[in-house]
Amino acid sequence: MNTIPEIANRLASLCNELKFVEAYTELYADNAVSIDPNNKNEPLIGLHNLIEYEKQFLAKVEIHDIKVSEAIFAGSYFSLIFSMNFTVKEHGNKMVEEICVYKVENGKIVSQQFFIG
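Basically the working numbering = 1-based index in the sequence shown + 20.
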C-alpha cells in the first residue's frame, strides 16, 4: 500500500475504528510533522512524538462517535473531514469538526495539519 488513495482510505478506516496509534505506526514516516491548533500550531516533529501526543489525548478523552469523510486529493496531498463527539475528562462533552490535510512522500504521510471549525 503506497498510493495516496490507498493511504487515505486506510487512514480513514483505522480512524473510524478508533485505531489512531495503529494509523501512526502503519502510515506515517519517522520524520513526520504535525501542526495542531490544540498544540498552539507549534510543529510537533517525529513519529515517536506524534504517537506520544496521541496517547496523551486518548488518555484524557472518551470518544462516543467519529465520522471520517471520503478523501479529496490534490497532487501529493489529501484531505479528510473528521467529526468527533467525545468527553474530555473533567471538562465535559465536545463536538468537533476539523479539516485535516496530509502530505504523502515515498508511500508515507510526512505531514498533517488540522483546522478546527
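All C-beta atoms in this analysis are idealised placements derived from N, C-alpha and C, irrespective of residue type, glycine included.
Judged by DSSP secondary structure, L100 falls within the beta strand (DSSP E) whose first and last residues are Y97 to V108. In this structure, E74 and V41 form a Cβ contact; the two beta carbons are roughly 6 angstroms apart against a cut-off of 8 angstroms. Counting only the Cα atoms, I65 lies some 11 angstroms from Q132.
The C-alpha of S103 is placed about 4 angstroms away from the C-alpha of E117.
As the crow flies, the alpha-carbon of V88 is around 13 angstroms from that of K39. Beta-bridge pairing by DSSP links D50 to no other residue.
A distance of 8 angstroms or more separates the beta carbons of I129 and I55. An exposed status is given to F93, since fewer than 16 other beta-carbon atoms sit within 10 Å of its beta-carbon.
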